[in-house]
Amino acid sequence: MTPGPATAGDGAGKAPAGAPEDSLRRFAAIWSRAIYPLTATSMTRTEFEDHLVPLARLLDRALQASPFDPRAAVPVGTALVAAHCTDPEALPSILGVIDAYLVLYCAPDLTVDEARARCARLQHAVAVGFAQAMRERTLQEQEAILHAAISARADAEAALAGSEARFRAVFESAAIGIGIADMDGRVLEINDAVTRMFGSEAHVMRRNVGEWVHPDNGPEVRGLNGEMLRGEREGYHVEKAYPRADGSVLWANLKVSLLRDAEGRPQYQLALLEDITERRGLLRRLRHQATHDALTGLPNRTHFFESLDRALSAGPGGRLGVCYLDLDGFKAVNDSLGHAVGDRLLVAVAERLRSCLTSPDQLVARIGGDEFVALYTDPPDAAEVVALAQRILDALSTPVSLDGRELPVHGSIGIVHGPTRGRAAADVLRSADITMYRAKELGGNRYEVADPEADARAITRHGLTNRLPLALERGEFFIEYQPLIALEDGSIRGAEALVRWCHPVHGVLGPDRFIPLAESTGQIVPLGRWVLQAAARQARSWQSPDGGCAPHVNVNLSPMQLHHPDLVAEVARALDESGLPPASLCLEVTESALIGADEDALKPLRRIADLGVEIALDDFGTGYSNLSSLRWLPVSVLKLDRAFTRGLRHSPPDPVDSKIVEGIVSLAHGLGLTVTVEGVETRAQAEQLRALGCDTGQGWYYGRPGPPEALHKLAMADA
Amino acid sequence: MTDRPSWAPPGIDPTVPSVSRIYDYFLGGSHNFEADREAARVAIQAFPGIPKIGQANRAVMRRAVRFAVDRGITQFLDIGSGIPTFGNVHEVAQAASPGAKVVYVDNDPVAVAHSRAVLEGNDEATVVMADLRDPRSILEAPETRAMLDLRRPMALMLVAVVHFLSDEERPAEIIATLRDALAPGSVMVVTHATMDGPTPQGQRGAQQVYQRTTTPLIMRTREQLEPFFDGFELVEPGVVPLPYWRPDTPPADDDDPAVLHGLAGVGLKR
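What follows is the structure, encoded as structure tokens:
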């Protein structure tokens, strides 16, 4: 690019001597001073001046050449343009210096007029060279820049094409559905994923996005599109149902936004679709599973509470009715006939309950094992709720027929009815539950209507019942032991284990407070198991290594435990785990629990007796006192109720009581049974009973129930 | 730069003035389109001395290249090189030190295409299409890697380019990134537009012209240039108006005072 010093054409015929070098240099210096400020050169002033010397020489030769040819000066103009004297403003300076100084510094051997004329023609030639070079250079540079622009554009277009090809590939192969529609909603482009989702390309292309209406879509979906098209929102994101080509429904997670041009005006709508049909179906199934009972298909507890919460939160003036149903005696069915039969019974009950619903504002749910609730949202009046409860009782009045067996089903229903205002779901249900228990206590197979006073009375009992499982888990139960004394010599024969509940609120509760509750809810089974194990371990620990003292431990068995299929195994395990000899364990069974027991029901007890464990008949004399049953019951001990010993408390004793006791003792001994008497409170009593032949005594006279250490101390003292 | 679509680089549209083509016009070139000339004419009207600043920039660049060559440097990285017309770095450098390597960098695709044409057949010079705002893309460009040995000192030329970076674009950090890639003994040449000179009104008019291009012009004071030389030792005479940076001949009285609106400084990496 940098021009070399211009070389003069020496094609001219005669070469004149020319001006001296220093004259040319001076000329170049003046020339440079005039042009340099107008020149876009990167040369320094000195360099530029040096650059002008050959041009000055060329002008000098041209001036003096013979024949004179002014065209020889054309390259000077060309060379100056090449040296970046491209500013037109430079031309007057270039020519002005030639005009004023060329003849002066060259001192040609010419007439003054001839020299001036030649100088003028040389200036014309320089101007020609300058103009030609300028035109050439301009055209060249224009062409170069145009070339560069075209090439840059081609590069950009190639890059764009490459980028487009990449985006096209992404578009085509994307797993997510992509569709583009114009602002009128006409579908212009879709990718393969959209075709797959809809089942056909023709079903989508060139159609209008507004055409796909599906009844499952709310009106808000179409509203959203309108808002976006009117510029009220940038885009939207909804779950939308579409009819597929085959008529089935496609559920899509749809995200729509606007594509804008460079000025920001919306041009197209861009839709991204994700097929969520399967996921949605799965969610619905899961939702159904989560809110319905697998066995009966009825709404479950979750569903019920959701519905109840909805009913309770439905504005002021709302009312509701709840019928809480618990089947009477269902546990017995489960225990005696097995769970499979129990389950089928529940299915049949559920079917009947369903038939009791007469309008969509009634719902029946299974909320527990054999507990069902009917919810009546906004019933017209209390009578309608009661009518619903009556329909349920009626529906259950016919026995359920299973495998040719007719199973009677009855239920107890607690009814709650009233305004929804200010009520919480848990309160409503508790009130219904308490009321249901009231119906049960009144004999079952009936309904009762909730009444706040009755609720309050039942609350403690209800609270205790509900807390039992937790209490066992938290170790709130403990055992006290009451000594059993051999009347013969006053030595300790053993102790009766008596369970206590250290309730966090009500303090220590005796078994009479909670054993019946545990018995009615089935909690007695785990509780009884725990007592048996704990007592067995305790008795084992009493048995000192030298074997000098080996007290028995007596443990009470409740009627329900007696019928529990695992009883024998549990007794065996308790003995096993504690290492207690079977003969050191005595299980106490109440007389009433054995009444009417057939041989099957007694089998477990016999097997326990076979293990070597003693069986005591507790509270003898309070029930039927069927003496003949003693012949075949697997018992070895009779425990006489305190009622018999009351008359022997004082001296002299009541003669009738004495006779009865004497008779029983004689009978028991005759059958090989030993006799234990309860309620021994005085020395006189103890003497009497010993005289009458009783074997063992128990009562305050010997010791109240206490911690296991107390018995140990007693034993030490006795020894 | 990231918000600009990749298919619309600056300079590709001949109806939008381009910084490098306006500059070419100031230097008397015809590598420009009417839109560029129109913008240039407006700028000249507002500030008649502006073409002189362009020329003074060329001159100081030439002096700085020679300064680098005198220090034994034979590698040059010229960022914001624009349209090559005359007195380019490779001409000066290769004239002073045959075989000197030069990498030109510009973000204007037309300037890059033109440079490519001019440099055809020159194995010691190449051009990279990249943006100063993304210095790593410059350092990591294959052309840079192939042409320059970053382990040896080089001259980093930032001639009339840093004033196109706004403060938000954090020019000092960009320069620091480049600096960290330089071997000790490297030099950095910075020239920059300033309002410090005698005719600030005119400068403001010129500034407005650049608002219409894709790259606005930011004037900075001498003090504002200082952070750019962090990690460099400023060589004498420091940051000075263009004609005062190591002139070959003392600045003449008849120089256009406009050239004082350009600042030049050269730093030596420690």
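Line by line, the protein sequences give chains A and B. Numbering-wise (the numbering used here), the first sequence opens with residue 606 and increments by one. Numbering-wise (the numbering used here), the second sequence opens with residue 114 and increments by one. All residues carry an ideal CB built from backbone N, CA and C; glycine is no exception. Just so we're clear, the structure is a prediction, and the values are computed from it rather than from any experiment.
Secondary structure of residue i, DSSP reduced to three states
i: PHE189 (chain B); result: strand
i: ASP851 (chain A); result: coil
i: THR907 (chain A); result: helix
i: ASN1071 (chain A); result: helix
i: GLU1219 (chain A); result: strand
i: PHE160 (chain B); result: coil
i: GLY1048 (chain A); result: coil
i: GLU879 (chain A); result: strand
i: MET301 (chain B); result: strand
i: THR128 (chain B); result: coil
i: MET648 (chain A); result: coil
i: LEU1276 (chain A); result: coil
i: HIS1157 (chain A); result: strand
i: SER1026 (chain A); result: The question names Ser, but residue 1026 (chain A) is Arg in the sequence shown. Three-state DSSP puts ARG1026 (chain A) in coil, outside helix and strand.
i: GLU147 (chain B); result: helix
i: ASN813 (chain A); result: strand
i: VAL952 (chain A); result: helix
i: SER1163 (chain A); result: coil
i: PRO197 (chain B); result: coil
i: MET332 (chain B); result: coil
i: CYS961 (chain A); result: coil
i: ASN220 (chain B); result: coil
C-beta atoms of residue i and residue j nearer than 8 Å
i: SER133 (chain B); j: ILE192 (chain B); result: no
i: ASP1246 (chain A); j: ASP1262 (chain A); result: no
i: ALA588 (chain A); j: TYR873 (chain A); result: In this structure chain A extends from 606 to 1324, so residue 588 (chain A) is not present and cannot be described.
i: MET1325 (chain A); j: VAL861 (chain A); result: With chain A covering only 606 through 1324, there is no way to say anything about residue 1325 (chain A).
i: ALA955 (chain A); j: ARG971 (chain A); result: yes
i: ALA289 (chain B); j: ASP343 (chain B); result: yes
i: ALA1030 (chain A); j: LEU913 (chain A); result: yes
Contact test: residue i Cβ vs the ligand COA heavy atom, cutoff 7 Å
i: VAL1176 (chain A); result: This structure lacks the ligand COA, and indeed carries no ligand of any kind.
Contact list for residue i against chain A, beta-carbon separation under 7 Å
i: ARG127 (chain B); result: The question names Arg, yet the displayed sequence has Pro at residue 127 (chain B). Correct list: ALA754.
i: THR257 (chain B); result: Within chain A, no residue comes near THR257 (chain B); the closest Cβ sits about 19 Å away, beyond 7 Å.
Spatial distance of residue i from residue j (CA atoms)
i: ASN170 (chain B); j: ILE755 (chain A); result: 29 Å
i: LYS382 (chain B); j: ALA224 (chain B); result: 30 Å
i: GLY923 (chain A); j: GLY1023 (chain A); result: 9 Å
i: VAL708 (chain A); j: ASP655 (chain A); result: 20 Å
i: GLU204 (chain B); j: GLY212 (chain B); result: 11 Å
i: ASP975 (chain A); j: ASP1205 (chain A); result: 27 Å
i: ALA1273 (chain A); j: GLY1080 (chain A); result: 40 Å
i: VAL300 (chain B); j: ALA153 (chain B); result: 32 Å
i: ALA620 (chain A); j: TYR710 (chain A); result: Since pLDDT at ALA620 (chain A) reaches only 47, below the 50 mark, its modelled position is unreliable, and the value read off the structure follows with that caveat. Rounded to the nearest angstrom, the two C-alpha atoms are 18 Å apart.
i: PRO284 (chain B); j: LEU252 (chain B); result: 16 Å
i: GLY375 (chain B); j: HIS842 (chain A); result: 55 Å
i: THR362 (chain B); j: PHE632 (chain A); result: 20 Å
i: CYS961 (chain A); j: ALA992 (chain A); result: 10 Å
i: GLY1152 (chain A); j: PRO1209 (chain A); result: Per-residue confidence for GLY1152 (chain A) stands at a pLDDT of 47, beneath the threshold of 50, marking its modelled position as unreliable; no derived number is given.
i: PRO1186 (chain A); j: ARG1145 (chain A); result: 8 Å
i: PRO370 (chain B); j: GLY162 (chain B); result: 8 Å
i: GLU1046 (chain A); j: VAL938 (chain A); result: 19 Å
i: ASP279 (chain B); j: ILE331 (chain B); result: According to the sequence provided, residue 279 (chain B) is Ser. The question's Asp does not apply to it. Cα to Cα, the separation comes out at about 6 Å.
i: ASP1056 (chain A); j: TYR1042 (chain A); result: 13 Å
Contacts that residue i makes with chain A (C-beta to C-beta distance below 9 Å)
i: HIS227 (chain B); result: ALA749, ILE750, HIS752, ALA753, ALA754, SER756, ALA757
Per-residue contacts from residue i into chain B (C-beta, under 7 Å)
i: GLU746 (chain A); result: GLY142, SER143, HIS144
i: ARG773 (chain A); result: Those do not exist, as ARG773 (chain A) stays about 14 Å from chain B at its closest Cβ, beyond 7 Å.
Neighbour list for residue i in chain B, Cβ cutoff strictly below 8 Å
i: THR743 (chain A); result: SER143
Under 8 Å by beta carbon: chain A residues contacting residue i
i: GLY212 (chain B); result: Neighbours of GLY212 (chain B) on chain A: none; closest Cβ ~18 Å, over 8 Å.
* To do: Pull out every residue of the region 167-195 of chain B whose Cβ sits closer than 7 Å to any Cβ of chain A, in chain order.
  => Near chain A, meaning a CB-to-CB distance below 7 Å, the residues of the region 167-195 of chain B are GLN168, ARG171, ALA172, ARG175.
* When Cβ atoms are compared, which residues of the region 667-696 of chain A fall closer than 7 Å to chain B? -> So the list reads HIS689, THR691, ASP692, given in the order they occur along the chain.
* **Positions along the region 139-162 of chain B whose CB lies within less than 7 Å of some CB in chain A** => Of all residues in the region 139-162 of chain B, LEU140, GLY141, GLY142, SER143, HIS144, ASN145 have a Cβ within less than 7 Å of some Cβ in chain A.
* Residues from the region 644-656 of chain A in contact with chain B, defined by Cβ distance under 9 Å -> THR644, ALA645, THR646, SER647, MET648, THR649, ARG650, THR651, GLU652
* Closer than 7 Å, Cβ to any Cβ of chain A: which residues of the region 230-257 of chain B, in chain order? -> ALA230
* To do: Using a Cβ-Cβ cut-off of less than 9 Å, give me the residues of the region 276-305 of chain B that come near chain A, in sequence order.
  => Of all residues in the region 276-305 of chain B, none has a C-beta nearer than 9 Å to a C-beta of chain A.
* Asked: Using a Cβ cut-off of 9 Å, which residues of the region 198-210 of chain B contact any Cβ in chain A, in chain order?
  -> THR198, PHE199, GLY200, ASN201, GLU204, VAL205, ALA208
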